[in-house]
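Novice: Residue numbers (my numbering): 1 to 278. No residue lacks a Cβ here, since even glycine has one placed at the ideal position from N, Cα and C.
(1) Under 8 Å by Cβ, that's how I've got residue 112 and residue 83 pegged, so tell me the actual separation to the nearest angstrom.
(2) Exposed or buried, residue 170, counting other C-beta atoms within 10 Å across all chains shown (16 or more means buried)?
(3) Would you list, in sequence order, the uninterrupted beta strand (DSSP E) runs of no fewer than 3 residues that lie entirely inside the segment 56-82?
(4) Going by DSSP in three states, residue 1 sits in which element: helix, strand or coil?
(5) Excluding sequence positions up to five away, which residues of its chain have a Cβ less than 6 Å from the Cβ of residue 172?
(6) Based on the DSSP output, what are the partners of residue 123 in its beta bridges?
(7) Going straight from the alpha carbon of residue 86 to that of residue 140, what length do you get?
(8) Measuring only the C-alpha atoms, how far is residue 182 from residue 164?
(9) Can you name, in chain order, every residue of its own chain whose Cβ lies under 6 Å from the Cβ of residue 217, other than the five neighbours on each side?
(10) Give the list of continuous beta strand (DSSP E) stretches no shorter than 3 residues that lie fully inside the segment 227-274.
(11) Measuring alpha carbon to alpha carbon, tell me which of 79, 10, 207, 34 ends up nearest residue 24.
(12) Let me know if residue 3 comes out buried or exposed under the rule of 16 or more other beta-carbons within 10 Å of its beta-carbon.
(13) Looking at the unbroken beta strand (DSSP E) that takes in residue 159, where does it start and where does it end?
(14) Give the straight-line distance between the Cα atoms of residue 42 and residue 56, rounded to the nearest whole angstrom.
(15) Cβ-heavy atom distance between residue 150 and the ligand MN below 8 Å?
(16) Is the beta carbon of residue 247 closer than 9 Å to that of residue 255?
(17) By alpha-carbon positions, which one of 121, 221, 95, 200 ends up nearest to residue 152?
(18) What residues are listed by DSSP as bridge partners for residue 31?
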């Protein structure tokens, strides 16, 4: 079976559904709002079938737009296990935070460690970042970053996607690039960090230059930006220019895909190698 990854259009937030090669269903973040509830829950039902469980809910970090509506999802598609970083979020008094933590307490939970990996048939999920003593005490910087790889019979990766959470330039400069080589990081598809925020390139310790070493190492064919109407200026025009510059392009020359412009995008990583993004 291929590995199929759905970058679901949820407005200003993130929700990435991974159907792994052995049938495991992993949901990376969610953002179910009053406005998009029918659309998003309907998409899950159409994709998974009624009452099909979600084996793993992986929360990149405890911001509302990455965990909103998780109880509604759990009611329709029971979640078996939670993965998260163990890092306290910035809004513990919010409804979304309390709802997520109640679910977390009720289910088996794994606090992810950097450099761990899990194998699901031909799919491999690698933890590139999680709770991290090298970084500022900041939920965004310590976001869970996952790399999803599809492997052939010989165990070689033949397709991959990198899910960057809301990580910033410091995360990559002072941690991830120290732990992983460019070969480890190289990915066909990149889910842009923080909805296309400039923080992915703007290191406060260097006020003269933007940081792009990480994007050069990842060297994605295409970058997907999960974004909706917002007051934060996402995606940032300069960030878009960097993604355009360092994404190598599909066989049709496409380098960027935005959920606010083209809706949900579906990535298929094939057994024979190669990928499609529709």
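Specialist: Result, derived from the coordinates:
(1) As a first step, residue 112 is located in the chain shown; it is residue number 112 there, counting from the start. As a first step, residue 83 is located in the chain shown; it is residue number 83 there, counting from the start. Contact holds; Cβ gap of about 5 Å.
(2) Translated into positions along the chain shown, residue 170 becomes position 170. Buried.
(3) Segments of the beta strand (DSSP E) lying fully in the segment 56-82: 56-58.
(4) Translated into positions along the chain shown, residue 1 becomes position 1. Coil at residue 1, not helix or strand.
(5) The residue labelled residue 172 in the question sits at position 172 within the chain shown. So the list reads 214, once near-sequence residues are dropped.
(6) Here the question's residue 123 lines up with position 123 in the chain shown. DSSP, once it has assigned bridges, lists 120, 150 as partnering residue 123.
(7) Residue mapping note: residue 86 aligns to position 86 of the chain shown, counting from 1. Residue mapping note: residue 140 aligns to position 140 of the chain shown, counting from 1. Taking the straight line from one Cα to the other gives about 13 Å.
(8) Locating residue 182 in the chain shown gives position 182, counting from the first residue. Locating residue 164 in the chain shown gives position 164, counting from the first residue. Their backbone Cα atoms lie some 15 Å apart in a straight line.
(9) The residue labelled residue 217 in the question sits at position 217 within the chain shown. Excluding residues up to 5 positions away in sequence, 182, 185 lie with their Cβ nearer than 6 Å to the Cβ of residue 217 in the same chain.
(10) 256-258, 265-269
(11) Here the question's residue 24 lines up with position 24 in the chain shown. When only C-alpha atoms are compared, the closest one is 79.
(12) What you label residue 3 is simply residue 3 of the chain shown in a count that begins at 1. Classification for residue 3: buried.
(13) Residue numbering aside, residue 159 sits at position 159 when the chain shown is read from its first letter. Residues 157-163.
(14) To locate residue 42, count along the chain shown from 1; it is residue 42. To locate residue 56, count along the chain shown from 1; it is residue 56. Looking at the backbone, the Cα of residue 42 and that of residue 56 are separated by about 19 Å.
(15) For the structure depicted, the ligand MN is absent and the ligand set is empty, with no information on it obtainable.
(16) Mapped onto the chain shown, residue 255 falls at position 255. Mapped onto the chain shown, residue 247 falls at position 247. Yes. Within cutoff.
(17) Taking the first residue of the chain shown as 1, we reach residue 152 at position 152. Per the Cα distances, 121.
(18) Within the chain shown, the letter at position 31 stands for residue 31. Under DSSP, residue 31 takes part in a beta bridge, and its partners are 68.
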